[in-house]
Amino acid sequence: MEDWQYKQLKKVKDRLNNINKSIEPSKKKKNIDNRAEKVIWGVLCEKQRVGEIDELYRKVSFPLISTRTYGDKEVRGCKMVVDFLYNDKELGWVAKDVKKYETQEYKIRKKIFLMAYVSTGKLTFIDTNNIVYKKNESR
Numbered sequence: 011m012e013d014w015q016y017k018q019l020k021k022v023k024d025r026l027n028n029i030n031k032s033i034e035p036s037k038k039k040k041n042i043d044n045r046a047e048k049v050i051w052g053v054l055c056e057k058q059r060v061g062e063i064d065e066l067y068r069k070v071s072f073p074l075i076s077t078r079t080y081g082d083k084e085v086r087g088c089k090m091v092v093d094f095l096y097n098d099k100e101l102g103w104v105a106k107d108v109k110k111y112e113t114q115e116y117k118i119r120k121k122i123f124l125m126a127y128v129s130t131g132k133l134t135f136i137d138t139n140n141i142v143y144k145k146n147e148s149r
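Quick note, in our numbering, the sequence shown goes up one by one and the last residue is 149.
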């Protein structure tokens, strides 16, 4: 690549304001989707280092509706991918999801997720606004 081509390429990248969102630059690159996720990832890593949480995972997929076949037509299932899943000492397993804004599709998936996993007591769910959804113990 010629020097002038490299300079043009560099200008294009700077003009687009690309930001390196890599969380572990020394290891394999694991990119994070947005800045809010990066901040929360840092907080959760610190909590894991201190010992408040265990087993921190990123981008965990939960099946909501399985794929079904009706006659000769196949209807795709749907799943929800939560940003973080960890084992909290007080709350048990916690799924945390960070969104910039909630779309209609996300709201529907969140309701199905709450019905399938949270109402059964398997998980606690924390959404973008730090609202904690957990099984109602009074029932």
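Ideal Cβ placement from N, Cα and C applies to all residues, glycine included.
Between Asp93 and the set Phe135, Gly131, Tyr143, Val85, the nearest pair of CA atoms involves Phe135. Straight across, the Cα-Cα distance linking Asp98 with Asp64 is about 7 angstroms.
For Leu54, the CB contacts under 7 angstroms within the same chain, skipping 5 residues up- and downstream, are Ile63, Leu66, Phe94, Tyr96 in chain order. Asp107 sits buried, since 16 or more C-beta atoms from the chains shown fall within 10 Å of its C-beta. The criterion of a C-beta distance shorter than 8 angstroms is satisfied by Val91 and Ser71.
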